[in-house]
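First up is the structure itself, then whatever we jot down about it.
2 protein chains.
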Amino acid sequence: MVTGSKELIRDINTNLVLETIINNTAISRAAIAKHLGLTKATISAIVQELINKKLVIEIGSDDTNLGRKPILLSLHKKAGFVICIDIGVDTISALISDLIGEDCSLKQIKTPKNTSNIVNVLIDLIESMKLPKDTPYDLVGITLGIHGVIANNQVSFAPYYNLSGINIAEGLESHFNAPVYLENEANLSVIGEKTFQYDYANIANISVHSGIGLGIIVNHQLYAGYNGRAGEFGHTIIEIDGKQCPCGNKGCFEQYASERNLLHEYTKMKNSEEQSFEQFRVAYEAGDLDAYKIMDDFVKYMSIGVNNILNAYNPDIVIINSSFTIFFPHITEKIESALTSRMNSYIRIVPSVLQDTSILLGGICVAIKGFLGVDNLKLNHINLRG
Amino acid sequence: MVTGSKELIRDINTNLVLETIINNTAISRAAIAKHLGLTKATISAIVQELINKKLVIEIGSDDTNLGRKPILLSLHKKAGFVICIDIGVDTISALISDLIGEDCSLKQIKTPKNTSNIVNVLIDLIESMKLPKDTPYDLVGITLGIHGVIANNQVSFAPYYNLSGINIAEGLESHFNAPVYLENEANLSVIGEKTFQYDYANIANISVHSGIGLGIIVNHQLYAGYNGRAGEFGHTIIEIDGKQCPCGNKGCFEQYASERNLLHEYTKMKNSEEQSFEQFRVAYEAGDLDAYKIMDDFVKYMSIGVNNILNAYNPDIVIINSSFTIFFPHITEKIESALTSRMNSYIRIVPSVLQDTSILLGGICVAIKGFLGVDNLKLNHINLRG
DNA sequence: GACATTAGTTTATTCATCAAATCAATGACA
DNA sequence: TGTCATTGATTTGATGAATAAACTAATGTC
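Chains as they are written, first to last, in this note's numbering: chain A, 1 to 386; chain B, 1 to 386.
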């Protein structure tokens, strides 16, 4: 039960001050006070505390033309560092970052066939990377991106690899002495998009891969449903008595609009061996009519999916993350014009810019938010290197 | 910007105390302190304030077998009264209630063809009813149930009557000097179900009438999307290139599962004049095979809708409110067994008990919550009379 | 009638906010 | 060069709400 107390007030205001400092990059005490509607005395006290904790630093004066020059405050971005590991079906990717998502370094390995030893694999992976030295807090959080359903920080259902029953979080936590956050990949993706790219209050992010995932932001917060199964949008039905889906349903969305299905249809047209996306792309750019037909199908099915998302969640913006939108970003305009319902309000449909980095960047955010206690993070500078 | 302050602490704790008193019907100061984890001193101070404001009364001692007998506290349910008016397409229903949803009185009139004068119609309706006398606060809130989309306490889109552009809330507020809350009918419905019947954290409530509405409770709160259009589930597509819907789409859910469509299909089978639900019901109970076929369709389409709701919102419970479930409540079991996806977690599918009173009772709750500042209301006793 | 037990109140303390005064720094201007 | 207006930041005292601990109140038991 969250009741009111002095500590609660301080917590709320401290987090707001931190949030204000981060989201404004550099800001003075006076400006924070004005922004939050708190008195300068309060802000001074809170800032002093944050400076003592080495979470905030003074970075010199701003250039104003009247009165005393303000002292600019900034997050001490090297106070510690965070790690996100995306456990993909084929590849495990690890990203180390400072506290604002800058100065990242990436390492990738193959996902082992047998995942029973996953905790040790992850420990070895992290220890093989160059970790920042001599920071006040060192490693302050690890996020794991999982292709599956998470409940209570544990994998409760993962169709592509067997992680259920293994307590990954605890294993890593006790070894690194830092909090470990498990999260669904589609959820991390939308958090990454919100934090680094599209700062809207309500976002739907569709990830089209072999299946289809959906991450939802509602009122600036991740919406995961009561046991983490919300946004299993790939298994909503868009065709009565439609194509059989392995899940047991007939006519699931991902049996139509997934990359796997569309390439499969393309292969059938070509009557050849399994076609890759790259082969499809080359053919499309060469003006191949079959490829055009497949792209039309993608637009048609995706517009149905987007219509259903609009009527279910009513977001401000829909982001589509897929190979199709990476190579043909203007396809989102076609999807938008394929929407037919007069019930829909005005909406933006955009291709993902972060593409396959959105999961890792989203994981970085989760760990940073967890460490700093900040609710609504907004970061800008991205600089990925291998 | 919500910042921390002394007043915020008191507000939070006062609302928690009120909530505890209401949801426990009668409870002592000591028990409240234990329940909330606050000290007895704090609770005593807050309760004294509430008694002074005539919102809480002492109702005698409880019978315990050891120590001093506790003084039981209760909400002063006659401190004021609230009104909900459901503006239906054909009928306007008004319900007056005390502050716990007991002691209600109902009045219904026909919806006027011309709704330009709606404010005066509502004022006349309210003033023609017997309002409680000599209460400390008198009328403390009016909720209007609207068959349409609400944004900023105004009707932004209503397909069945023309209310856009009329500032109903302001007109009533200035006349009765009480806050007026506009809300979508499907949203009120789910609030009513949650408060009076099914106390779950995550609820989906499907209202099947001529169209199909959906009210969603997420984490104990109504989920309405950023401009009130979430839950327009009737216009999600369940059939590619399906039946034409007036909204512009093809294959909308409500073109299949709505009462209007199913009766229309039944009429076509019978090759007669338009069949009513009553005619359908009589035939079904007489063993008519066409009626059985229609009911099978209802189960089939509804199970698709429920599947999509589960994968979109992941609620704890799905409530179905329709003529079909009123007369054949066990049909929800058939719908449940028609679910095929192994992605779905365990779920309860139940028929609405409140039926057509859910909107009015939900509206009563909205007004009570607004007046008392209570977040999570739980009420029990229902006693409707005409 | 002493005592254990529970309910509720009183009192002193703590702590975070606020308002107002004060100190600090800086450019404008005479 | 020195005064002043202006803005930034800190200090000080007051306020209010929570807490802990002591105290009063009420009641049944032995």
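Where is the CB? At the ideal position from N, CA and C, for every residue including glycine.
{"query": "Applying a beta-carbon distance threshold of less than 7 Å, which residues of chain A neighbour B:Gly-1?", "result": "This sequence places Met at residue 1 of chain B; Gly is not what is there. Those are Leu-36 and Gly-37, listed as they occur along chain A."}
{"query": "Is the distance from the Cβ of B:Thr-111 to the Cβ of B:Gly-88 below 8 Å?", "result": "yes"}
{"query": "Under the rule that 16 or more other beta-carbon atoms within 10 Å means buried, what is A:Gly-386, buried or exposed?", "result": "At A:Gly-386 the pLDDT is 31, less than 50, meaning the model places this residue with poor confidence; the figure from the coordinates comes in the next sentence. Answer is exposed; the Cβ neighbour count stays below 16."}
{"query": "Going by C-alpha distance, which of B:Asn-177, B:Leu-289, B:Glu-193 and B:Tyr-313 is nearest B:Ile-320?", "result": "B:Glu-193"}
{"query": "Is A:Asp-103 close to chain B, meaning its C-beta is less than 8 Å from at least one C-beta of that chain?", "result": "no"}
{"query": "Applying the criterion that 16 or more other CB atoms from any shown protein chain within 10 Å of the CB defines a buried residue, is A:Asp-98 buried or exposed?", "result": "buried"}
{"query": "So B:Ser-341 is in the alpha helix (DSSP H); what residue range does that whole segment cover?", "result": "Careful: B:Ser-341 lies outside any alpha helix (DSSP H) and carries neither H nor E."}
{"query": "Are A:Leu-95 and A:Leu-360 closer than 8 Å when you measure CB to CB?", "result": "yes"}
{"query": "Say the cut is 7 Å; is the CB of A:Ile-304 nearer than that to a heavy atom of the ligand NAD?", "result": "As for the ligand NAD, it is missing from this structure, which has no ligand bound."}
{"query": "From what residue to what residue does the alpha helix (DSSP H) around A:Gly-363 run?", "result": "358-372"}
{"query": "So, are the CB atoms of A:Ala-169 and A:Leu-182 less than 8 Å apart?", "result": "yes"}
{"query": "Quick check on the DSSP output: what are the complete beta strand (DSSP E) runs of length 3 or more inside the stretch 67-113 of chain B, in order along the chain?", "result": "71-75, 81-87, 91-97 and 105-110"}
{"query": "At a CB-CB cut-off below 8 Å, which residues of chain A make contact with B:Phe-233?", "result": "Asn-311 and Ala-312"}
{"query": "Name the chain B residues that come within less than 7 Å of A:Ala-186, Cβ to Cβ?", "result": "Under the 7 Å cutoff, chain B gives no residues; its nearest Cβ is about 13 Å from A:Ala-186."}
{"query": "B:Val-180 lies in the beta strand (DSSP E); which residues open and close that run?", "result": "180-184"}
{"query": "Are the C-beta of A:Gly-215 and some C-beta of chain B separated by less than 8 Å?", "result": "no"}
{"query": "Quick one: measure Cβ to Cβ for B:Phe-371 and B:Gly-141, integer angstroms, because I've assumed they're closer than 8 Å.", "result": "5 Å"}
{"query": "Since B:Ile-9 meets chain A, which of its residues come closer than 8 Å, beta carbon to beta carbon?", "result": "Gly-4, Ser-5, Lys-6, Leu-8 and Ile-9"}
{"query": "Mapping DSSP to helix, strand and coil, what is A:Asp-375?", "result": "coil"}
{"query": "Using C-beta distances below 6 Å, list every residue in its chain close to B:Arg-68, excluding the 5 sequence neighbours before and after it, in chain order.", "result": "none"}
{"query": "Can you give me the C-alpha to C-alpha distance between B:His-35 and B:Lys-250, rounded to a whole angstrom?", "result": "53 Å"}
{"query": "In the stretch 219-230 of chain B, which residues sit with their C-beta less than 9 Å from some C-beta in chain A, listed in chain order?", "result": "Asn-219, Tyr-223, Ala-224, Gly-225, Tyr-226, Asn-227, Gly-228, Arg-229 and Ala-230"}
{"query": "Distance, Cα to Cα, A:Thr-340 vs B:Cys-245?", "result": "10 Å"}
{"query": "Taking beta-carbon pairs under 9 Å, can you tell me which members of the stretch 336-369 of chain A lie near chain B?", "result": "Leu-339, Thr-340, Ser-341, Arg-342, Met-343, Asn-344 and Ser-345"}
{"query": "Alpha carbon to alpha carbon, how far is B:Met-129 from B:Asn-383? Give it in angstroms, no decimals.", "result": "Bear in mind that the predicted position of B:Asn-383 carries a pLDDT of just 46, short of 50, making it unreliable; the figure below should be weighed with that in mind. Taking the straight line joining both Cα atoms gives about 18 Å."}
{"query": "According to DSSP, is B:Gly-215 part of a helix, a strand, or is it coil?", "result": "strand"}
{"query": "Say whether the stretch 250-261 of chain B touches the stretch 232-242 of chain B, bearing in mind that this needs 3 or more beta-carbon pairs closer than 8 Å, one atom from each stretch.", "result": "yes"}
{"query": "Got a sec: is the Cβ-Cβ distance from A:Leu-182 to anything in chain B below 8 Å?", "result": "no"}
{"query": "Would A:Leu-16 count as contacting chain B if we go by Cβ distances under 8 Å?", "result": "yes"}
{"query": "Any beta carbon of chain A sitting closer than 8 Å to that of B:Gly-386?", "result": "Confidence at B:Gly-386 is low in this model, with a pLDDT of 31, below 50, so the placement of that residue is unreliable and no value is reported for it."}
{"query": "Under 7 Å between beta-carbons, which chain A residues line up against B:Ile-240? List them in chain order, please.", "result": "Ile-238, Glu-239 and Ile-304"}
{"query": "Along the alpha helix (DSSP H) that carries B:Leu-50, what are the first and last residues, could you check?", "result": "40-52"}
{"query": "Express the C-alpha separation of B:Ile-85 and B:Asn-187 in angstroms, rounding to a whole number.", "result": "14 Å"}
{"query": "Quick test of the definition: if touching needs 3 or more C-beta pairs under 8 Å, does the stretch 333-353 of chain A touch the stretch 362-370 of chain A?", "result": "no"}
{"query": "On the DSSP bridge assignment, give the partners of A:Thr-143 in chain order.", "result": "A:Cys-84 and A:Tyr-181"}
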